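Structure first, then comments.
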Amino acid sequence: MNQRERVARAAAFFEQCDDLALLHRLTGEAAPRARKYVAALLARGDEDTIPPPADLRPAREAASREEALETFRKTDDFALFQVLARAIGRRIEALEIIASAEFPAGARVIVPRKSSYPAGTPELAGTVEESGTQLTVALDNGETWQGPPSLARKERQP
């Protein structure tokens with residue numbers, strides 16, 4: 008199996024992955040790598056040296072989690088790396104939109120103080136002001152919280 012096939016299989020895995028913590032962690036890993044790729048390419052030329060994402064045929068079968076992670080970490084071709092980063096980003100966006108449907112404006116929620124993955128403590132209660140790929144929550148302590156809907160959960164009523 009060549010690198011393009013491995014990337015197509017890994018992208019298929021990420022397009023189906025429901026593990027938001029993993030996907031968010033991978034975007035955190037992807038950003039500095041992308042910056043390095045771009046810096047190296049610009050050092051050799053101008054913006055025209057930066058390739059677009061590779062055009063790959065869909066894989067017949069998705070990679071396993073382990074294979075997808077290995078492919079993500081070992082891919083050193085920027086055009087192929089962009090395919091993986093886009094698949095991960097699109098999946099995060101889709102899952103966050105789905106999660107936001109649970110939290111209409113006015114809903115009572117519990118959110119972690121830190122609005123990024125991994126979720127942490129302490130948890131704070133508040134009311135959803137705006138929903139979408141990012142939630143805006145008016146916290147009971149008077150502060151405003153903004154973060155991904157997947158970090159929120161409905162507040163249990165006593």
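Heads up, the sequence shown is in our numbering, so the first residue is 8 and it goes up one at a time. Don't be surprised by glycine CBs; every beta carbon is placed ideally from N, CA and C. Computed from a prediction, not measured in an experiment: that's the story for all the values here.
Residue 82 - DSSP class collapsed to helix/strand/coil: coil
Once the 5 residues before and after residue 87 are set aside, which same chain residues still bring their CB inside 6 Å of it? 14 and 61
Measuring CB to CB, does residue 22 end up less than 9 Å from residue 94? yes
Between the segment 146–158 and the segment 96–104, do three or more beta carbon pairs fall short of 8 Å? yes
Does the Cβ of residue 138 have 16 or more other Cβ atoms within 10 Å, making it buried, or fewer, making it exposed? buried
Quick check on residue 89: buried or exposed, where buried means 16 or more other Cβ atoms within 10 Å of its Cβ? buried
Count the other CB atoms, across all protein chains shown, that sit within 10 Å of the CB of residue 128; report buried if there are 16 or more and exposed otherwise. exposed
If you reduce the DSSP assignment to three classes, tell me which class residue 113 lands in. coil
Exposed or buried, what is residue 97 when buried is set at 16 or more other beta-carbons lying within 10 Å of its beta-carbon? exposed
If I follow the unbroken alpha helix (DSSP H) through residue 56, where does it start and stop? Segment: none, residue 56 is in no alpha helix (DSSP H) and carries neither H nor E.
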